[in-house]
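Sequential numbering of the sequence shown, starting at 76, is according to this note's numbering. From the three backbone atoms N, C-alpha and C, an ideal C-beta is built for every residue, glycine too. Computed from a prediction, not measured in an experiment: that's the story for all the values here.
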Amino acid sequence: MLAIDTTSTRPVQRGAGFKARHGGLPTWIAVMLIVVLHPPRMHASGLEASGIEASEIETSIRRSTGRTDAMPTVPVVRITEISTTIHPPLDVDPADRFGVAVAIDGARVFVGNDGRRDGPPAAGMVTIHERTEDGYREAARLRSPRSRAGDEFGTDLAIADDLLVVGTPGMNDERGGAWLFRCRNERWGVVGPVIPPDSNIGDRFGEAVAIVGDLIVVGGPRADVKGVLDRGRVACCRIVGESIRPPIELKPPISITGLRFGTALAVADVIVVGAPGFDVPLPSPDDGVVDRAGGAWIFSTDRPHRRQGVLLRPDPARLDRAGRSITILRDDRIAVAAPRATFGAPRSGVITVHDRPRREYAAPIGPEAGLGTRIASSPTMLAATIPGRRDPTGRVDAAVRINRVEDHQMLPALDLVGLGVGGSVQRIGFDPPGFRLVIGVMPPGDGRPSAGVVHVIEFGRRSVDP
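Here you go:
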């Protein structure tokens with residue numbers, strides 16, 4: 076017999092007002108966290124035996140290619156009610172952009188501080204925070220072995236087992252690249268740099284990084300190629316023992332200004348590369364293109380990494396910017412976000428799941444919401460940032476939407492709000508089993524610099540009765 080263990084749903088919050096200090100989480104929040112990770116049996120009218128009314132979480136209307144599933148209203152929880160908060164160390168400058176990148180693996184949280192700012196830049200670093208009984212403590216710091224001001228070390232992070240990839244787009248006169256670290260005996264050591272071949276000044280490789288197993292992928296979406304501005308470049312390489320094999324470049328089938336090939340990367344059994352500036356050709360017999368509708372290309376993980384296909388929205392529209400963020404779901408389904416796409420309101424955002432049939436998901440959450448500006452997935456969930464979400468008063472109250480991933484469908488489960496005002500930036504990532512979600516929040520870049528913050532949310536687990 077399976078039983079729900081609610082003790083694991085009580086993360087510690089260092090801020091004021093956390094309800095766990097006074098008798099534990101509210102029952103409905105605890106149940107909600109468990110339902111997100113361990114769904115009960117579904118039927119057409121909603122959730123069974125969950126302790127939540129069917130009207131609170133309803134099944135999305137499932138439609139085939141060319142139409143969009145409207146996500147219904149879902150429960151809303153303020154992030155401070157359920158998260159463990161990690162604040163920047165006291166000696167970190169507020170302008171260093173604590174939280175610009177995040178990753179989580181087991182009891183460790185990795186936070187990028189790339190130091191990119193107005194005025195003299197910092198070199199950047201990664202702080203590593205380990206879980207304790209009453210929160211998280213800083214356990215280590217990583218810096219580039221060739222650290223220089225403006226390196227932007229920590230712009231993006233990717234982790235796989237004992238390997239950590241750190242994007243460093245500012246190094247080598249903004250040629251960019253990444254650094255690879257390996258953890259041995261609880262200590263992180265440098266394996267070496269990932270420097271793509273024939274990189275040029277301004278390529279900025281390392282703005283996006285990804286890793287699976289021994290395969291590393293590094294993107295420089297702003298790279299100019301043979302006079303084509305912002306076409307973008309991507310390279311990948313293998314790790315063999317303690318050696319990094321020479322990178323091989325992945326190339327798009329088209330070269331146009333503003334393609335931004337490499338803006339987003341995902342890798343599992345295939346490599347997926349986002350290109351939000353792609354001008355999508357109209358189908359025959361029409362002539363012309365859909366300006367910057369965006370999309371993504373699939374490549375093989377085996378050398379020579381041949382192209383295997385392109386991923387587009389069923390009905391692409393001008394300035395959708397599909398490919399801004401990408402994740403690979405279980406069963407190799409690929410989710411591609413178009414945060415500037417319109418559903419009910421301009422630029423509210425749409426997420427396309429490339430399944431059979433292809434499906435789209437959206438939320439009627441108002442103009443400029445930007446659903447899917449960043450997406451991340453675990454075996455059972457997909458999280459999507461909504462940086463432009465507005466509260467009932469009309470003020471921006473950024474959120475992360477948690478969706479439950481099931482066979483051939485995605486169901487909205489929970490909105491985590493209180494993640495920033497207008498212009499703030501959110502970064503997200505799951506640990507491999509999907510028990511924890513980390514969210515980095517950086518304040519708006521205009522005005523006086525203020526420090527970022529990182530939240531860690533733990534979802535419920537099941538235990539087995541003896």
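Cβ-Cβ distance between residue i and residue j below 9 Å
i              : j              : result
arginine 434   : valine 428     : yes
valine 500     : valine 475     : no
proline 271    : glycine 295    : yes
alanine 550    : leucine 255    : Because the chain here runs from 76 to 541, residue 550 falls outside it and cannot be looked at.
isoleucine 532 : aspartate 490  : no
alanine 339    : alanine 371    : yes
aspartate 168  : threonine 230  : no
valine 347     : isoleucine 403 : yes
aspartate 395  : valine 365     : yes
proline 28     : glycine 495    : Outside the displayed range of the chain (76 to 541) lies residue 28, so it cannot be described from this structure.
leucine 446    : alanine 412    : yes
alanine 488    : proline 150    : yes
From the options, residue whose alpha carbon lies closest to that of residue i
i              : options                           : result
aspartate 289  : Ala343, Pro328 and Leu404         : Ala343
aspartate 171  : Phe228, Arg279 and Pro432         : Phe228
valine 303     : Asp466, Gly316, Pro321 and Pro327 : Pro327
glycine 307    : Phe280, Arg191 and Arg320         : Phe280
aspartate 472  : Asp406, Arg313 and Arg464         : Arg464
proline 379    : Asn260, Arg313 and Val513         : Arg313
glutamate 208  : Asp237, Thr159 and Asn188         : Thr159
isoleucine 154 : Pro356, Gly493 and Arg382         : Gly493
aspartate 226  : Val284, Leu512, Ala214 and Pro196 : Pro196
proline 220    : Thr243, Gly187, Ile203 and Asp237 : Thr243
isoleucine 426 : Gly419, Ala397 and Val496         : Ala397
cysteine 258   : Ala285, Asp354 and Ala215         : Ala215
lysine 301     : Pro321, Pro322, Ile319 and Ile276 : Ile276
proline 508    : Gly181, Ile161 and Pro163         : Gly181
proline 321    : Ala176, Gly252 and Ile157         : Gly252
leucine 334    : Val345, Arg297 and Leu325         : Arg297
arginine 431   : His483, Pro351, Thr148 and Ala350 : His483
CA-to-CA distance, residue j to residue i, given in whole angstroms
i                 : j                 : result
valine 269        : isoleucine 409    : 26 Å
arginine 250      : valine 309        : 13 Å
valine 266        : proline 439       : 46 Å
arginine 223      : arginine 183      : 26 Å
histidine 118     : alanine 444       : Any reading at histidine 118 must be qualified, since the residue scores a pLDDT of 33, below 50, and its modelled position is unreliable; no value is offered.
glycine 199       : proline 442       : 35 Å
glutamate 131     : valine 529        : Bear in mind that a pLDDT of 28 at glutamate 131, under 50, signals an unreliable position, so the number given afterwards is only what the model happens to contain. Cα-Cα distance, rounded: 28 Å.
aspartate 406     : alanine 451       : 15 Å
glutamate 41      : valine 201        : Because the chain in this structure spans residues 76 to 541, residue 41 falls outside the shown range and cannot be described.
glycine 174       : proline 360       : 48 Å
leucine 232       : glutamate 481     : 27 Å
glycine 498       : glycine 316       : 43 Å
valine 292        : aspartate 278     : 15 Å
arginine 212      : leucine 165       : 12 Å
alanine 235       : glycine 469       : 41 Å
leucine 457       : glutamate 282     : 22 Å
aspartate 299     : phenylalanine 534 : 43 Å
serine 318        : alanine 459       : 35 Å
phenylalanine 336 : aspartate 354     : 12 Å
valine 284        : cysteine 311      : 10 Å
arginine 511      : phenylalanine 505 : 6 Å
valine 385        : aspartate 273     : 26 Å
threonine 417     : proline 389       : 13 Å
aspartate 377     : isoleucine 323    : 11 Å
isoleucine 373    : valine 186        : 29 Å
arginine 206      : tryptophan 263    : 17 Å
aspartate 248     : proline 358       : 42 Å
Boundaries (first-last residue) of the alpha helix (DSSP H) holding residue i
i             : result
threonine 402 : Looking at the DSSP string, threonine 402 is not in any alpha helix (DSSP H); the run it does join, the beta strand (DSSP E), is 400 to 403.
threonine 155 : 154 to 157
Endpoints, the beta strand (DSSP E) within which residue i is located
i              : result
asparagine 188 : 183 to 188
leucine 486    : 484 to 492
arginine 476   : 474 to 481
serine 375     : 370 to 375
alanine 413    : 409 to 413
alanine 458    : 456 to 461
valine 471     : Here valine 471 belongs to no beta strand (DSSP E), and DSSP marks it neither H nor E.
aspartate 584  : Look at the range of the chain in this structure, 76 to 541, and you will see that residue 584 is not part of it.
glutamate 435  : 434 to 437
arginine 382   : 382 to 386
histidine 450  : It is isoleucine, not histidine, that sits at residue 450 in the sequence shown. Counting along the chain, the beta strand (DSSP E) containing isoleucine 450 begins and ends at 450 to 452.
glutamate 443  : Run containing glutamate 443: none; DSSP gives neither H nor E here.
histidine 429  : 425 to 429
alanine 350    : 345 to 350
histidine 530  : 528 to 533
| query | Mind pulling the alpha helix (DSSP H) runs of 4 or more residues that sit fully within the segment 204 to 253? | reply | Inside the segment 204 to 253, DSSP marks whole alpha helix (DSSP H) runs of 4 or more residues at positions 246 to 249, from first to last along the chain.
| message | Threshold first: 3 residues or longer. Then list the beta strand (DSSP E) segments lying entirely within the segment 263 to 340, N to C. | response | 283 to 287, 290 to 295, 308 to 315 and 323 to 325
| said: So within the segment 492 to 526, which uninterrupted alpha helix (DSSP H) runs reach at least 4 residues, ignoring any that extend past its ends? | reply: none
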